[in-house]
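Peer 1: Input: one structure, supplied below.
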């Protein structure tokens, strides 16, 4: 499944669903709200574009690394410390392809998908600069 | 719907910090055959904060500003020179930070 969601993500459900007779390895990436002195964060997306981008990235990864399956669930809206922001589940015949596919997906999401984070701190609020923001 | 045969309407969307400064969505009535540069100038004229956010001192578009037209990312010189059509959607936003 590829989706943006405002609800909590059931990680185990997606891992179980990725187990097929042809799957030898499942690699997951779970992005979590880190406690940097924040009260909560809000994620905002250009939703129509972000969903299509996630679908495209999943397809690219499947073709590039010969994966069996890809799930990408990205939350938007308000989240607290410890909440899951993003789940990527990659199923493949062998572990190497699964690791490489998962890394490709998270790197590409961080580089190009139109989603932003705003942190609400005890001392104020700030937009998180992207990893690909200019110096 | 256009106001007259010599003008056109484009739909602007802004996200994240840009949304906070500009508003999430609005329309602009601009001359027919205008480019993205005209849109940026119109928006920059709305407030000093908008101008500082989007434009260098010489009025050119800042390098970090991302532009999409009809949900397609625009790159290179077309970020300013692309000629728009009536009803186009122009999205402007800062670098992304998902994941």
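Chains as they are written, first to last, in this note's numbering: chain A, 1492 to 1626; chain H, 466 to 564.
Ideal Cβ placement from N, Cα and C applies to all residues, glycine included.
In three-state terms, what does DSSP make of residue 515 of chain H?
Peer 2: To locate residue 515 of chain H, count along the second chain from 1; it is residue 50. Residue 515 of chain H: helix per DSSP, three-state reduction.
Peer 1: To be precise: take each residue of the segment 1535-1554 of chain A, compare its Cβ to all Cβ atoms of chain H, and keep it if any distance is under 9 Å. Which residues remain?
Peer 2: Residues passing the 9 Å Cβ filter: 1535, 1536, 1537, 1539, 1540, 1541, 1543.
Peer 1: Can you say whether residue 491 of chain H is buried or exposed, counting buried as having 16 or more other CB atoms within 10 angstroms of its CB?
Peer 2: Here residue 491 of chain H is taken as the residue at index 26 of the second chain, counted from 1. Flag for residue 491 of chain H reads exposed.
Peer 1: What are the start and end residues of each continuous alpha helix (DSSP H) run of 4 or more residues lying completely inside the segment 1515-1579 of chain A, in chain order?
Peer 2: Runs found: 1538-1556.
Peer 1: Roughly how many angstroms lie between the CA atoms of residue 1499 of chain A and residue 1532 of chain A, to the nearest whole one?
Peer 2: The sequence position of residue 1499 of chain A within the first chain is 8, counting from 1. The sequence position of residue 1532 of chain A within the first chain is 41, counting from 1. Those two C-alpha atoms are separated by around 14 Å.
Peer 1: Could you tell me which chain H residues have their CB closer than 9 Å to the CB of residue 1604 of chain A, listed as they occur along the chain?
Peer 2: Locating residue 1604 of chain A in the first chain gives position 113, counting from the first residue. Chain H residues near residue 1604 of chain A: 561, 563, 564.
Peer 1: Can you tell me whether residue 1562 of chain A is buried or exposed, with buried defined as 16 or more other CB within 10 angstroms of its CB?
Peer 2: The residue you call residue 1562 of chain A lines up with position 71 of the first chain. Result: buried.
Peer 1: Which residue comes first and which comes last in the beta strand (DSSP E) that contains residue 490 of chain H?
Peer 2: Numbered from its first residue, the second chain carries residue 490 of chain H at position 25. From DSSP, the beta strand (DSSP E) with residue 490 of chain H extends over 490-496.
Peer 1: Run through chain A and tell me which residues come within less than 8 Å of residue 558 of chain H, C-beta to C-beta.
Peer 2: Your numbering for residue 558 of chain H matches position 93 in the second chain. Here the neighbours are 1537, 1605, 1607.
Peer 1: Where does residue 1603 of chain A land, buried or exposed, given buried means 16+ other C-beta within 10 angstroms?
Peer 2: For this step, residue 1603 of chain A is matched to residue 112 along the first chain. With 16 or more Cβ atoms within 10 Å of its Cβ, residue 1603 of chain A is classed as buried.
Peer 1: Using a Cβ cut-off of 8 Å, which residues of the segment 1564-1581 of chain A contact any Cβ in chain H, in chain order?
Peer 2: Cβ contacts with chain H: 1565, 1576, 1577.
Peer 1: Is there a Cβ from chain A that is less than 9 Å from the Cβ of residue 481 of chain H?
Peer 2: Along the second chain, one-based indexing puts residue 481 of chain H at 16. Closer than 9 Å to some Cβ of chain A, the Cβ of residue 481 of chain H qualifies, so yes.
Peer 1: Would you report the Cα separation of residue 1580 of chain A and residue 1613 of chain A, rounded to the nearest angstrom?
Peer 2: If you number the first chain from 1, residue 1580 of chain A lands on position 89. If you number the first chain from 1, residue 1613 of chain A lands on position 122. Near 34 Å, if we compare the C-alpha coordinates of residue 1613 of chain A and residue 1580 of chain A.
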